[in-house]
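The structure appears right after this line, and notes come after that.
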Amino acid sequence: MNYGYLVKENKGIPIHPNIYWRILIELIGALLACAFFCLFPVNDRHVQNLPTINFDYLFAILYDGRSKMQENKIRCIVHYFRRICSNIPVGFVSFERKVLPLNNCAGSFCCPKANFWINSTIPLCQFKVKDSGLIEDQTFGALEVDFANEYLGGGALHSGCVQEEIRFMINPELITGMLFLPAMADNEAIEIVGAERFSNYTGYAFNFCFAGNHEDKREMDSLGRHKTFIAAIDALCSPGMRQYRLEFLLREVNKAFCGFFNQSKYNQYESLFLESGEDVTNHTDKSRNSLPVHESISDARENFLGTSLTPESLDHKDDIGIATGNWGCGAFGGDPEVKSIIQWLAASQALRPSVMYYTFGTGPLHHLEKVSEWILAHKWTVGDLWSMLVEYCSQISNRQTHVGFFDWLLPASSKTNLKC
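And the structure:
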């Protein structure tokens, strides 16, 4: 199968010229069966920056100290095959590679610079905090964030078993994207619509355990996809103090913005960029860093089934919020207070109506709800909150403060209220 990769000059990074793929669920079952039996050629996948696709590593790790966790991952996959063999599914799953051009963008907005965020007058969207529950269990029809590795799926087919890997086990159709989607660059995200959930589970990491069948009750859209929207965005790994530097704040907020933007609102985004003074009309260069965002719609090409996707056929979500949590924290090592604010900024700038934030009981986020209520009560804009975040990060980088962002941000009277 020829995927038609483009190679960025001097970088050796392959890019697929297509943006949308819509794949029959029945075909996905066949592709995953090929992966299960390790039938895909793998000799040049590393050259093409493609993740692991065959299941041999997953099986091999059964024989070391992580066998219980791996056994339960495999049980999820076997359960998936049992289900689809007893009742052949119908419908589609779609995969979208979203790109924010870094420069030289023809007729499209580029990856935002610092001034864009400082000057933004967009009001902050609603922010709701959930101290319990899981992103995948939300019932609000939100875009669910996959705390991704730059290689889609991360360690799903290796020894990984945290948020992304678990999601790929309980929604195995997601694994299909690992076949053909190269590693994400800093200005890219991947959105997947329609992946059905087949399994329940308990535990996390080494305590992960398959917990039986899950009946996915989510409705289907007109394209035959479950109304499950997943945005895969990869955060900085082990960032340490560099996460507070402006260039890396921009990297993270633009990565989240790329994952959160809604293609159907392209014209609104473009007008916001024009109002901010950002350049949207430079000459084009078809590199990984300059693929126009709207090319995915205006220049739709052939997908795996040989049918073109058009704006009218996308039947994309509209005005749905973001369901997320401690993206870039935990195993990735990011500051949870800073990362929560970055995602709020990105969701607001992407014109999302709300963020539902699952804290998973993280200590530093104990007061996140009260902090967000205080900010919303003062009617701050994206530019206001961004400016405060940048100032805080500058101070912590220069060792002028050693407290967390929430303690630094709030006045003394509000801090007293937080302790109540």
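Residues in the sequence shown are numbered from 1 upward in steps of one, following the UniProt record's numbering. Heads up, the beta-carbon is just placed ideally off N, CA and C, and yes, glycines get one too. Computed from a prediction, not measured in an experiment: that's the story for all the values here.
1) Would you list, in sequence order, the uninterrupted beta strand (DSSP E) runs of no fewer than 3 residues that lie entirely inside the region 163-249?
2) Would you kindly check if the distance between the Cβ of Ile25 and the Cβ of Phe40 is under 8 Å?
3) Kindly indicate which residue of Asn49, Cys38, Asp44 has the alpha-carbon position closest to the one of Leu58.
4) Going by the beta-carbon positions, is the gap between Thr176 and Leu50 smaller than 8 Å?
5) How would you label Asn187, buried or exposed, when you count the other beta carbons within 10 angstroms and need 16 or more for buried?
6) By the three-class DSSP mapping on this structure, what secondary structure does Glu144 have?
7) Assuming Ser340 and Leu376 are in contact, meaning their beta carbons sit under 8 Å apart, how far apart are those beta carbons, in whole angstroms?
8) Have a look at Lys128 and Gly334 and give me their C-alpha separation to the nearest angstrom.
9) Once DSSP output is grouped into helix, strand and coil, what is the label at Val355?
10) As a quick exercise: from Asn254, Gly325, Glu219, pick the residue whose alpha carbon is nearest that of Leu102.
11) Which one of Gly404, His402, Glu391, Gly383 has the shortest CA to CA distance from Asn115?
12) Using CA atoms only, rank isn't needed, just tell me which of Ala156, Val93, Ser199 is closest to Glu136.
13) What are the boundary residues of the beta strand (DSSP E) that includes Ser340?
14) Val355 and Phe405 look like a contact to me (Cβ under 8 Å); what is the Cβ gap, rounded to whole Å?
15) I need the straight-line Cα distance from Gly361 to Gly330, nearest angstrom please.
16) Please report the straight-line C-alpha distance between Met69 and Leu181, rounded to a whole angstrom.
17) Does the distance from the CB of Lys227 to the CB of Gly141 come in under 8 Å?
18) Is it the case that the Cβ atoms of Phe36 and Ile77 are separated by a distance below 8 Å?
19) In three-state terms, what does DSSP make of Phe257?
20) Exposed or buried, what is Val93 when buried is set at 16 or more other beta-carbons lying within 10 Å of its beta-carbon?
21) Go ahead and label Gln268 buried or exposed: buried means 16 or more other beta carbons lie within 10 angstroms of its beta carbon, across all protein chains shown.
22) Going by other Cβ atoms of all chains shown within 10 Å of its Cβ, with 16 needed for buried, is Ala60 buried or exposed?
23) Between which residues of its own chain and Arg251 is the CB-CB distance below 6 Å, once the five residues before and five after are set aside?
24) When you compare the region 111-125 with the region 213-220, are there three or more beta-carbon pairs, one atom per stretch, that lie closer than 8 Å?
25) Which word fits Gly160, buried or exposed, when buried means at least 16 other C-beta atoms lie within 10 angstroms of its C-beta?
26) Count the other C-beta atoms from every protein chain shown that fall within 10 angstroms of the C-beta of Leu246, then say buried if there are 16 or more, exposed otherwise.
27) Starting from Tyr20, follow its DSSP beta bridges and name the residues at the other end.
28) So, Tyr151 versus Ile396, is the Cβ gap smaller than 8 Å?
29) Start and end of the beta strand (DSSP E) containing Leu129?
30) Can you give me the start and stop residues for the beta strand (DSSP E) that Ile322 sits inside?
31) Going by other Cβ atoms of all chains shown within 10 Å of its Cβ, with 16 needed for buried, is Asn171 buried or exposed?
32) Bridge partners for Thr381 per DSSP, in chain order?
33) Please state the DSSP three-state secondary structure of Ile396.
34) Restricting to Cα atoms, I'd like to know which of Ile320, Phe248, Arg225 is closest to Gln263.
35) Helix, strand or coil: how does DSSP classify Arg82 here?
36) Are Phe260 and Ile342 closer than 8 Å when you measure CB to CB?
From the atom records:
1) 188-193, 199-202, 209-213, 229-234
2) no
3) Cys38
4) no
5) buried
6) strand
7) Rounded, the Cβ-Cβ distance is 14 Å, inconsistent with contact.
8) 21 Å
9) strand
10) Asn254
11) Gly383
12) Ser199
13) Unbroken run through Ser340 is the alpha helix (DSSP H), 336-349; no beta strand (DSSP E).
14) 16 Å between Cβ atoms; not a contact.
15) 12 Å
16) 26 Å
17) yes
18) yes
19) helix
20) buried
21) exposed
22) exposed
23) Asp186
24) no
25) buried
26) exposed
27) Glu96
28) no
29) A small correction: the amino acid at residue 129 is Val; Leu does not occupy that position in the sequence shown. Per DSSP, Val129 belongs to the beta strand (DSSP E) from 126-130.
30) 322-324
31) buried
32) Pro123
33) helix
34) Ile320
35) helix
36) no
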